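J.: Line order of the protein sequences matches chains Y and S.
Start counting at 1 in the first sequence, then tack on 62, and there's your number in the numbering used here.
Start counting at 1 in the second sequence, then tack on 62, and there's your number in the numbering used here.
2 protein chains.
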Amino acid sequence: MPHSRDGSGRSASVKDVAQLAGVSLGTVSNVLNRPERVSADTRTRVEKAMADLGFVRNESARQLRAGRSRTIGYVMLDATNPFFTDVAQGMEHVAEDRDLSLFLCNSDNRATREAAHLAHLQEQRVQGILVTPVDPDSPALADLASRGTPLVIVDRTRPGAAFCTVSVDDVLGGRLAVEHLVDRGHRRVAFVGGPDSLGQVRERLEGARQAWREAGLPDADLVVVPTVALSVAEGRAAGERLAGLPARRRPTAVFCANDLVALGLLQQATSAGVRVPDELAIVGFDDIDFAAAAAVPLTSVRQPRAELGRTAARLLLAEADDPLHAHEQVVFEPELVARRSTLG
Amino acid sequence: MPHSRDGSGRSASVKDVAQLAGVSLGTVSNVLNRPERVSADTRTRVEKAMADLGFVRNESARQLRAGRSRTIGYVMLDATNPFFTDVAQGMEHVAEDRDLSLFLCNSDNRATREAAHLAHLQEQRVQGILVTPVDPDSPALADLASRGTPLVIVDRTRPGAAFCTVSVDDVLGGRLAVEHLVDRGHRRVAFVGGPDSLGQVRERLEGARQAWREAGLPDADLVVVPTVALSVAEGRAAGERLAGLPARRRPTAVFCANDLVALGLLQQATSAGVRVPDELAIVGFDDIDFAAAAAVPLTSVRQPRAELGRTAARLLLAEADDPLHAHEQVVFEPELVARRSTLG
DNA sequence: GTCATCGATTGAAAGGTTTCAATGCGATGG
DNA sequence: CCATCGCATTGAAACCTTTCAATCGATGAC
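Have a look at this one:
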């Protein structure tokens, strides 16, 4: 029924404000952008007119004129994984300090969705784009960067690329996890994670293998249990598969590619009556808040989540401010946080 | 400093494309927007020119002309709470179907941050704004709606307001939780949650009280344990406070205002040697994925998270398409999902 | 009394896209 | 051969803001 966007049709523009205040366009703009240049009297008159009309700056027009926007975007791999929301939180703080908005998009692990978001951000002429890509080697990313849009890859690395990357040493993380398990006396261990297309998964497994070999243990005793995704549900399913193994071949410990998988596995194990860690030790990866909060607190490989986000955002803005800026490949070191799920 | 991003100065515009392809501006625009009106020959020529120049549409200019954008925004209360990311996921699907982008912002429970995000979205002339507000009665929201920006409140209701709201009956949710506990024989129960400024907390408590009274139980046996936030850490702290109570006054069951609090409490209880549910039953609220995945799977009041998001987004777009649209107040019914944390 | 100066204000141009009425042209029908 | 029609293309206007050189009026110096 009555919808009345207030009687007036369109929303008020600087022109309307100028007219009502009896000044020129330029003056209104000055009130907005260089208030010190305007006499106190005119300024209050203009401000009153703005308030009366409910004037809201049109950011599109502003951007068009300025050529750049007040926004940066982050395309995340999985918005429902707390790891990524924590990373985003770190970025948000940097953006807030610089008075920019952070536009969050979720690719949900799909390359097509990722591409759509990247295109849209580019069309918006954002100051720069942060992305945790489905595939860091995709030529689409290189194209993007070569077109001049500042770009930072988060949680992946790509040596020699034409953009900055901020990541965590996943190979080292994998080593830490398995070294810990070996130290605790485990001699039959499973790695649970997938899909293989995720670099994070490949490298964590690689690290696990290195540590395993260096401990002089036979390759066959490091079992790989692949999953189709890094989710709680997949962790639960993997738990059931493990439970199905003959006792001789069943591992005494599991290293999961991330905490979601570990939590699912933990739940399945406990509900199947397997005692953690006595009968089965579990190590996760990421150290999300839910890891410590699990009923059997989870040993996990901690990544500096917020720091990752902050650093990525800072590098992005550095590049946006200075296009001659040299690209950096920052790599953080992960750290093992031992808790009850491996400590008995 | 010369700041040549690439040799070419600015990025290519329709004008450049037109020139290279030897056609007029209008034709390029037609290729972009009404390709069927352009002869096959010219079309391919124009498309080649675009590819050669790496042409990217300037969304600001487009928006400026069109008066509206291809974007909707969601200002969420707490991006690190999986409940809200699941709601956002539901919205994302609707947006994707309509070929819109969803701009996610996090107010992080702060009114100032919320205001900043709302202002920025308004300046961007988004098609509409979804928001789970810090305070649904804030006049700022009413102002926003009266200026003509389509607005939908998510997870809160506000009867008689000049905008749509989509919520879940929190009072009913509270009743379900407590009725369940009373059915299971509990006669001393605690409610854990806060701050009181959150309507969700107030109403869930209200429902709990109603159910308690209707069961004919004395008010004093429903203990309220306030928290300063709905987080895992606060749940853990509350657990410690409960553990400190003299045995006679200690509740046999706890109803937590959301699952994060419940998970924290569960962890504290288990690590303190309190057996769940035998010595302490726990009910959460939201039924996030981590609830079922907890090592003692959590009984929780399920909200239709994705459905909430989808409905909100649909209402928003309905209003954006038809400003005469009548505002609706949709209320979903929650549902109790009983799991081991109360079932022994 | 004139001129330079200074601060406040103005007006016009620019930025990239879309839209729409107008144009041009070849073909069709009379 | 003329009128008409349809189709592909064109050109100019509009969207709203910002910027910058130009203008105006007044003040102070000489």
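Here a beta-carbon is modelled for each residue, glycine too, at the ideal position from N, C-alpha and C.
In this text, all values refer to a predicted model and were calculated from it rather than measured experimentally.
So, is the C-beta of Gly129 (chain S) closer than 9 Å to a C-beta in chain Y?
T.: Yes, its Cβ sits closer than 9 Å to a Cβ of chain Y.
J.: I'd like to know whether the C-beta atoms of Pro313 (chain S) and Leu322 (chain S) end up nearer to each other than 9 Å.
T.: No; because the gap between Cβ atoms is not below 9 Å, this pair is not in contact.
J.: What would DSSP say about Gly69 (chain Y), mapped onto helix, strand or coil?
T.: Residue placement at Gly69 (chain Y) cannot be trusted, given a pLDDT of 43 that sits under 50; the coordinates are not used to answer.
J.: Where do the ends of the alpha helix (DSSP H) carrying Asp38 (chain S) lie?
T.: The displayed coordinates of chain S run from 63 to 406. Any statement about residue 38 (chain S) would go beyond what the structure contains.
J.: Between Val230 (chain S) and Leu192 (chain S), which are expected to be in contact by the criterion C-beta below 8 Å, what is the C-beta distance as a whole number of angstroms?
T.: Not really, about 15 Å apart at Cβ, beyond 8 Å.
J.: Whole angstroms are fine: how far does the CA of Ala277 (chain Y) sit from the CA of Arg271 (chain Y)?
T.: Going from the Cα of Arg271 (chain Y) to the Cα of Ala277 (chain Y) covers about 10 Å.
J.: Inspect the beta-carbon positions of His389 (chain Y) and Ala282 (chain Y) and report whether they are closer than 9 Å.
T.: Not in contact: His389 (chain Y) and Ala282 (chain Y) (Cβ atoms no closer than 9 Å).
J.: With contact counted as at least three CB pairs below 8 Å, one residue from each stretch, are the region 108 to 128 of chain S and the region 318 to 334 of chain S in contact?
T.: Touching, no, given that fewer than three Cβ pairs across the two stretches are closer than 8 Å.
J.: In chain S, which residues lie less than 9 Å from Met151 (chain Y) when you measure between Cβ atoms?
T.: Here residue 151 (chain Y) is Gln; the residue named in the question, Met, does not match the sequence. Chain S residues near Gln151 (chain Y): Ala141, Thr142, Asn168 and Asp170.
J.: Per DSSP, which residues does Gln391 (chain Y) bridge with? Please list them.
T.: DSSP, once it has assigned bridges, lists Y:Thr227 as partnering Gln391 (chain Y).
J.: Apart from the five residues just before and just after Asn92 (chain S), which ones in its own chain have a Cβ nearer than 8 Å to its Cβ?
T.: So the qualifying residues of the chain are Arg99 and Val100.
J.: Since Pro359 (chain Y) meets chain S, which of its residues come closer than 8 Å, beta carbon to beta carbon?
T.: By Cβ distance, chain S contributes Gln329 and Ser333.
J.: Buried or exposed, going by whether 16 or more other CB atoms sit within 10 Å of the CB of Asp199 (chain S)?
T.: It counts as exposed.
J.: Per DSSP, what kind of secondary structure is Ser163 (chain Y) in: helix, strand or coil?
T.: Residue state, collapsed to three classes: strand.
J.: Do Arg172 (chain S) and Gly129 (chain S) count as a contact pair if the criterion is CB distance below 9 Å?
T.: Contact: no.
J.: By DSSP, does Phe317 (chain S) sit in helix, in strand, or in coil?
T.: Correct three-state label for Phe317 (chain S): strand.
J.: If the cut-off is 9 Å on Cβ atoms, which residues from the region 174 to 198 of chain Y count as contacting chain S, listed in chain order?
T.: Flagged, chain order: Arg175, Ala178, His179, Ala181, His182, Leu183, Gln184, Glu185, Gln186 and Arg187.
J.: With DSSP as the reference, identify every bridge partner of Leu284 (chain Y), one or two as the case may be.
T.: According to DSSP, which records beta bridges pairwise, Leu284 (chain Y) is partnered with Y:Val251.
J.: Just to confirm, are Ala300 (chain S) and Val251 (chain S) a CB contact at a threshold of 9 Å?
T.: Contact: no.
J.: Quick check on the DSSP output: what are the complete alpha helix (DSSP H) runs of length 4 or more inside the region 99 to 126 of chain Y, in order along the chain?
T.: You should have 102 to 115.
J.: Does the beta carbon of Gly326 (chain Y) come closer than 9 Å to any beta carbon on chain S?
T.: True, the Cβ-Cβ gap to chain S drops below 9 Å.
J.: Grouping DSSP H, G and I as helix and E and B as strand, with all else coil, what is Leu307 (chain Y)?
T.: Correct three-state label for Leu307 (chain Y): coil.
J.: At a cut of 8 Å, does the region 238 to 256 of chain S reach the region 152 to 159 of chain Y through at least three beta carbon pairs?
T.: With the cut-off at 8 Å, the region 238 to 256 of chain S and the region 152 to 159 of chain Y do not touch.
J.: Using a Cβ-Cβ distance cut-off of 9 Å, determine whether Thr104 (chain Y) contacts chain S.
T.: Closer than 9 Å: no.
J.: Run down chain Y in chain order and give the residues with a C-beta less than 8 Å from the C-beta of Phe352 (chain S).
T.: By Cβ distance, chain Y contributes Val294, Leu325 and Phe352.
J.: Under 9 Å between C-beta atoms, does Val345 (chain Y) make it to chain S?
T.: Closer than 9 Å: no.
J.: I'd like the list of long-range same chain contacts for Ser70 (chain S), defined as Cβ closer than 8 Å, with 5 residues on each side in sequence excluded.
T.: At Ser70 (chain S), the pLDDT of 47 sits below 50, so the modelled position is not reliable and the matter cannot be decided from this model.
J.: Name the chain Y residues whose beta carbon is nearer than 7 Å to that of Thr147 (chain S)?
T.: The contacting residues are Ala141, Thr142 and Thr147.
J.: Taking C-beta to C-beta, are Cys58 (chain Y) and Gly255 (chain Y) nearer than 9 Å?
T.: A question about residue 58 (chain Y) goes unanswered here, because the residues of chain Y that appear run from 63 up to 406.
J.: Along chain S, which residues have their Cβ under 8 Å away from the Cβ of Gln365 (chain Y)?
T.: Ordered by position in chain S, no residue passes the 8 Å Cβ test against Gln365 (chain Y), which lies about 15 Å from the chain.
J.: Buried or exposed for Asp140 (chain Y), please, with buried defined as at least 16 other CB atoms from any protein chain shown within 10 angstroms of its CB.
T.: When all chains shown are included, Asp140 (chain Y) counts as buried.
J.: Can you grab the Cα-Cα spacing for the pair Val228 (chain Y) / Pro195 (chain Y), in whole Å?
T.: Answer to the nearest angstrom: the Cα atoms are 12 Å apart.
J.: Report the residue from Y:Ala355, Y:Val345 and Y:Gln81 whose alpha carbon sits nearest the alpha carbon of Gly235 (chain Y).
T.: When each option's Cα is compared against that of Gly235 (chain Y), the closest is Y:Val345.
J.: Go ahead and pull the three-state DSSP assignment for Ala80 (chain Y).
T.: The answer is helix: DSSP assigns Ala80 (chain Y) an H, G or I state.
J.: I want to see whether chain Y comes within less than 9 Å of Ala223 (chain S), judged by CB atoms only; does it?
T.: False, the Cβ-Cβ gap to chain Y never drops below 9 Å.
J.: Which stretch, first to last residue, makes up the beta strand (DSSP E) that contains Leu192 (chain Y)?
T.: Unbroken beta strand (DSSP E) run through Leu192 (chain Y): Gly190 to Val193.
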